[in-house]
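Engineer:
Residue numbers (my numbering): -8 to 320.
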C-alpha cells in the first residue's frame, strides 16, 4: 500500500499540484473543443437539415473528487438516440488510438429513444450519430484510422441523397481508471481537499479517485496545513497520514539583568541577562507576562501582550537610573 506523510506546508505544494491537475482537466476540455472544431464537415450537424437527431449517454458518469467527469471501464453501455422524424441511424465510434467502429441501428420511429450499444473503450471517445431520411450505408467507414477518412466515407455515401436529408449528432466521453485514497490526520475532523476540491473530513476513504498523482491538503483551525502529492494506483489504495502541529507565535523577552519570566502564571524560564533573550513558542492570543528581576530590590514588571501566529513579539527590559522597566517596541 503506497503511503505518504504530510510534512510540508500547503502553500508550498498544494498550489502546484492543483494547477497540474487543473491544467490536465483544462487540456482535456481544450482537446475536446479542438476536436469538435476540426471535425470534417460531413460529420457535423448539417445546415438546412430536414430532421433533427439527439444522442444522450444512457449511463451516468462519475463526478470524481478531482473535478473530472469519467466513466468506469468499459464505458457507458449505450447511446440513446432520438429523431424528430422517422429516420435511419448509424453511429461511428472513434476511441483514441483505435480505428473507427460503425454501429448500424437501422430504421427508427420519430420521438422514440432508441438504445445504440457502444463498444468497450478506454480514454477519450467520440461518437458521431448519423440520421437520414433515406437509407444511408456508412459501413465503409468501418476501420477508418482518422476522422478525415471517416468523413470522406460519409460524404461519398450521402452524395446521392437530397439536400437536407441527413444530419449528425456528436457525443464525447472519457473512460478512466480508478483507485482509492485514504486520509488519516492527527486531528480528527480536519478538512481534506484533493486537487483543491473539498473531499470531506478526516479520517476519510475516497473511492473512484482517478489513477495517477494527486495533491492532498489537510487543514484544521489553529493548526498548520499539510500537503502532499501521492500516486493513486489502479484498483489499489494510496494512504496519506497528516500530522498537524499547532500554529504558534514567538515571545522574546530580553533583559540586561537576570530575571525570571512567568507566562499566565506559569514559569517559562529565566532571562540570563546581558541582553540575551528567552524565546518561548506560544499559541496565538493575549497572554499575561510577569518579569521578576532576581534582584529583589527591583520592581517586578507585569505586561499583557498579544501573540500573533508566525511572528515574534518582543519584550525588552532594562535598568535605567536605578529603575527597572519593560516595554514592547
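Virtual Cβ for every residue (Gly too), placed ideally from N, Cα, C.
1) Look at the alpha carbon of residue 22 and the alpha carbon of residue 46, and state the distance between them as a whole number of angstroms.
2) Note down the Cα distance separating residue 115 from residue 137, rounded to an integer number of angstroms.
3) What is the rounded straight-line gap between the Cα of residue 226 and the Cα of residue 130?
4) Residue 285 and residue 251 look like a contact to me (Cβ under 8 angstroms); what is the Cβ gap, rounded to whole Å?
5) For residue 30 and residue 117, I'd like the C-alpha separation in whole angstroms.
6) Can you name the residues that DSSP bridges to residue 106?
7) Would residue 2 be called buried (16 or more neighbouring beta carbons within 10 Å of its own) or exposed?
8) Spatial neighbours of residue 87 within its chain, please: CB distance less than 6 angstroms, with the 5 preceding and 5 following residues excluded, ordered by chain position.
9) Could you give the residue range of the beta strand (DSSP E) that holds residue 220?
10) With a CB to CB cut of under 6 angstroms and the five nearest residues on each side skipped, what residues in its chain are close to residue 210?
11) Under the assumption that residue 166 contacts residue 64 (Cβ atoms under 8 angstroms), give the Cβ distance between them as a whole number of angstroms.
12) Would you say residue 75 and residue 35 are within 7 angstroms of each other, going by their C-beta atoms?
13) Look up residue 328 in the DSSP assignment and say whether it is helix, strand or coil.
14) Would you call the region 266 to 276 in contact with the region 289 to 300, where contact means no fewer than 3 C-beta pairs closer than 8 angstroms?
15) Note down the Cα distance separating residue 70 from residue 94, rounded to an integer number of angstroms.
16) Per DSSP, which one or two residues make a beta bridge with residue 201?
17) So the candidates are 270, 260, 264 and 32; which of them puts its Cα closest to the Cα of residue 141?
18) Please look up how many angstroms separate the CB atoms of residue 61 and residue 201, rounded, as I've assumed it's under 8 angstroms.
19) Using a Cβ distance threshold of 8 angstroms, determine whether the region 52 to 59 contacts the region 182 to 193, with at least three qualifying pairs required.
20) For residue 81, report the span of its beta strand (DSSP E) as first-last.
Structural biologist: Short version:
1) What you label residue 22 is simply residue 31 of the chain shown in a count that begins at 1. What you label residue 46 is simply residue 55 of the chain shown in a count that begins at 1. At residue 22, the pLDDT of 48 sits below 50, so the modelled position is not reliable; the number obtained from the coordinates is stated separately. Their Cα atoms are separated by approximately 21 angstroms.
2) Taking the first residue of the chain shown as 1, we reach residue 115 at position 124. Taking the first residue of the chain shown as 1, we reach residue 137 at position 146. Each residue's Cα considered, the two are about 14 angstroms apart.
3) Stepping through the chain shown from its first residue, residue 226 is reached at position 235. Stepping through the chain shown from its first residue, residue 130 is reached at position 139. Going by the C-alpha atoms only, they are around 37 angstroms apart.
4) Taking the chain shown and counting its residues from 1, one reaches residue 285 at position 294. Taking the chain shown and counting its residues from 1, one reaches residue 251 at position 260. About 7 angstroms separates the two Cβ atoms, so the contact holds.
5) What you label residue 30 is simply residue 39 of the chain shown in a count that begins at 1. What you label residue 117 is simply residue 126 of the chain shown in a count that begins at 1. Straight-line Cα distance between these residues: approximately 10 angstroms.
6) Counted from its first residue, the chain shown places residue 106 at position 115. Answer by DSSP bridge pairing, in chain order: 71.
7) The sequence position of residue 2 within the chain shown is 11, counting from 1. Per-residue confidence for residue 2 stands at a pLDDT of 39, beneath the threshold of 50, marking its modelled position as unreliable; no derived number is given.
8) Here residue 87 refers to the residue found at position 96 of the chain shown. Taken in chain order, the residues that qualify are 114 and 115.
9) The residue labelled residue 220 in the question sits at position 229 within the chain shown. According to the DSSP assignment, residue 220 belongs to the beta strand (DSSP E) that extends over 217 to 223.
10) Translated into positions along the chain shown, residue 210 becomes position 219. Same-chain partners within the cutoff: 182 and 216.
11) Within the chain shown, residue 166 is the residue found at index 175, counting from 1. Within the chain shown, residue 64 is the residue found at index 73, counting from 1. Between residue 166 and residue 64 the beta-carbon gap is near 6 angstroms, inside 8 angstroms, which marks them as a contact.
12) Locating residue 75 in the chain shown gives position 84, where the first residue counts as 1. Locating residue 35 in the chain shown gives position 44, where the first residue counts as 1. For residue 75 and residue 35, no; Cβs fall outside 7 angstroms.
13) No answer is possible for residue 328: it lies beyond the span of the chain, which begins at -8 and ends at 320.
14) The way I'd put it, the region 266 to 276 does touch the region 289 to 300; three or more beta-carbon pairs between them come closer than 8 angstroms.
15) If you number the chain shown from 1, residue 70 lands on position 79. If you number the chain shown from 1, residue 94 lands on position 103. Cα to Cα, the separation comes out at about 11 angstroms.
16) The residue you call residue 201 lines up with position 210 of the chain shown. 169.
17) Here the question's residue 141 lines up with position 150 in the chain shown. The shortest CA-to-CA distance from residue 141 to any of 270, 260, 264 and 32 is the one to 32.
18) Along the chain shown, one-based indexing puts residue 61 at 70. Along the chain shown, one-based indexing puts residue 201 at 210. Rounded to whole angstroms, the Cβ separation of residue 61 and residue 201 is 7 angstroms, and the two are in contact under 8 angstroms.
19) The region 52 to 59 makes contact with the region 182 to 193: 3 or more CB pairs, one atom from each, lie closer than 8 angstroms.
20) By one-based count along the chain shown, residue 81 stands at place 90. Per DSSP, residue 81 belongs to the beta strand (DSSP E) from 78 to 86.
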